[in-house]
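Notes to accompany the following structure.
And the structure:
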């Protein structure tokens, strides 16, 4: 029977950008991710008599009818109810998200984080980081196979993070504010496939692939130093080199490469893909808001489906364009 005293509750999470280290992070190299607060997701949980109902832009209907690609969320919901000794019934979940799906912006992790937070709030239970990690990883396995954990951490932290598998997550101080422009190719990237492709390259040509992955790790460590000191120009050069390494790993594509070139021609200090690649998004580092507008205009003229401006400082701020 539905609990008449139970009230509606919600959970939120924001998007993320991987500044450096995507793909290499799978091989225990570090990565730097930043919160992208312009894009976010909210899970609203309400009392509802009967089967659990799910409402979203992706699917609306009963929980037991959710499509295969959303089964991670189904398992997550069931596991939370089991953990909290609650029945999997008598509530409704409504998902409201502004994060584009499949663009390397952490949509699946953010959805899972907001859902876990929302359900714990609905059942009036305290949520610790260990439980959040467990349930988000359960949901993420369906999206990324074995997730590195960076998306989960980046969508729950409000500051830039230095992430390395099986290590304590560290917040990164920003010596000088960063001005970033993000462009969406409009094409869905396949993180699972691109990760599998790098793994195949590693098996077939371990020496060369390992060198590239380790170089990406070195670039990430150098990028952290530049971030903390405020050497923005030098950071831009590292972004360029990182994109070259990612191209060599065959996780970029002609569309991403084109937007990187357009950004550089418009005055960006550096540019690279962000996230899984093969579609999705790229980011460009610029030296001012004025330059950001110039780069944004160039990317829009070149065909980017969406662009955003993001300012990153010790107090993270972001603005939608």
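Residue numbers (the working numbering): 1 to 321.
The beta-carbon is built from N, C-alpha and C at its ideal position, and this holds for glycine as well.
According to DSSP, is residue 282 part of a helix, a strand, or is it coil?
In the structure shown, residue 282 sits in a strand (DSSP, three-state: E or B).
Distance check for residue 36 and residue 46, CA to CA, integer angstroms please.
Between residue 46 and residue 36, the C-alpha separation is close to 27 Å.
Buried or exposed for residue 336, going by 16 or more other Cβ atoms inside 10 Å?
The shown model of the chain, from 1 to 321, leaves out residue 336, and the question about it has no answer.
Cβ-Cβ separation, residue 246 to residue 272 (assumed contact under 8 Å), whole Å
Right, the Cβ-Cβ distance comes to about 7 Å (below 8 Å), so this counts as a contact.
Tell me the rounded alpha-carbon separation between residue 20 and residue 219.
Those two C-alpha atoms are separated by around 8 Å.
Got a sec, what are the start and stop residues for the beta strand (DSSP E) residue 259 sits in?
No beta strand (DSSP E) contains residue 259, which is instead part of the alpha helix (DSSP H) from 254-265.
Supposed contact pair residue 185 and residue 255 - C-beta distance, whole angstroms, cut 8 Å:
With 8 Å as the limit, residue 255 and residue 185 qualify as a contact, their Cβ atoms being about 5 Å apart.
Touching by the beta-carbon criterion (3+ pairs, under 8 Å), the stretch 258-274 and the stretch 154-174:
Below 8 Å, too few C-beta pairs join the stretch 258-274 and the stretch 154-174 to call them touching: fewer than three.
Looking only at C-alpha atoms, which of 76, 96 and 101 sits nearest to residue 135?
Looking at the Cα atoms, 76 is the closest of the given residues.
Just the C-alpha distance for residue 295 and residue 105, rounded to the nearest angstrom, thanks.
So the two alpha carbons sit approximately 20 Å from each other.
Could you check if residue 201 is buried or exposed, using at least 16 other CB atoms within 10 Å of its CB as the buried criterion?
Label assigned to residue 201: buried.
If distances are taken between C-alpha atoms only, which option among 204, 88 and 222 comes closest to residue 172?
The residue from 204, 88 and 222 with its alpha-carbon nearest to that of residue 172 is 222.
Just verifying my parser: in three-state terms, what is the DSSP assignment at residue 88?
Coil at residue 88, not helix or strand.
Counting pairs of beta carbons, one from the stretch 10-29 and one from the stretch 289-304, are three or more of them closer than 8 Å?
Not touching, per the Cβ criterion.
For the beta strand (DSSP E) holding residue 13, just list the boundary residues, first then last.
Counting along the chain, the beta strand (DSSP E) containing residue 13 begins and ends at 9-20.
Could you compute how far the alpha carbon of residue 285 sits from the alpha carbon of residue 179?
For residue 285 and residue 179, the distance between alpha carbons rounds to 6 Å.
Closest by CA to residue 297, which one among 170, 263, 109 and 244?
The shortest C-alpha separation from residue 297 is found at 263.
Option nearest residue 153 by Cα separation, candidates 119, 107, 102 and 192:
When only C-alpha atoms are compared, the closest one is 107.
If I follow the unbroken alpha helix (DSSP H) through residue 122, where does it start and stop?
For residue 122, the enclosing alpha helix (DSSP H) starts and ends at 107-122.
Bridge partners - residue 179, DSSP secondary structure assignment
Residue pairing from DSSP places residue 179 in a beta bridge opposite 286 and 311.
My output table needs one value for residue 249: the three-state DSSP class, helix, strand or coil.
Residue 249 falls in the coil class under three-state DSSP.
Write down the C-beta distance between residue 72 and residue 130 rounded to the nearest angstrom, noting that I regard them as a contact closer than 8 Å.
For residue 72 against residue 130, the beta-carbon gap comes to about 19 Å, at or over 8 Å, which does not count as contact.
Might you give, ordered along the chain, the residues of its own chain that have their beta carbon closer than 8 Å to the beta carbon of residue 125, omitting 5 neighbours on each side?
Once the five neighbours on either side are set aside, the close Cβ partners of residue 125 are 84.
Can you give me the C-alpha to C-alpha distance between residue 57 and residue 208, rounded to a whole angstrom?
Linking residue 57 to residue 208 through their CA atoms gives a straight-line distance of about 43 Å.
Rounded to the nearest angstrom, what separates residue 48 and residue 66 at their Cα positions?
Spanning the alpha carbons of residue 48 and residue 66 requires a straight line of approximately 17 Å.
Among 238, 259, 96 and 23, whose alpha-carbon lies nearest the alpha-carbon of residue 225?
The shortest C-alpha separation from residue 225 is found at 238.
Tell me whether residue 173 sits in a helix, a strand or coil according to DSSP, three-state version.
Looking at residue 173 - three-state DSSP - the assignment turns out to be coil, as it is neither helix nor strand.
Among 28, 257 and 52, nearest to residue 168 - alpha-carbon criterion:
For the residues 28, 257 and 52, the minimum Cα distance to residue 168 belongs to 28.
Residues in its own chain within less than 7 Å of residue 133 by CB, not counting five upstream and five downstream?
If we look at residue 133 and ignore the five residues flanking it on each side, its Cβ neighbours are 152.
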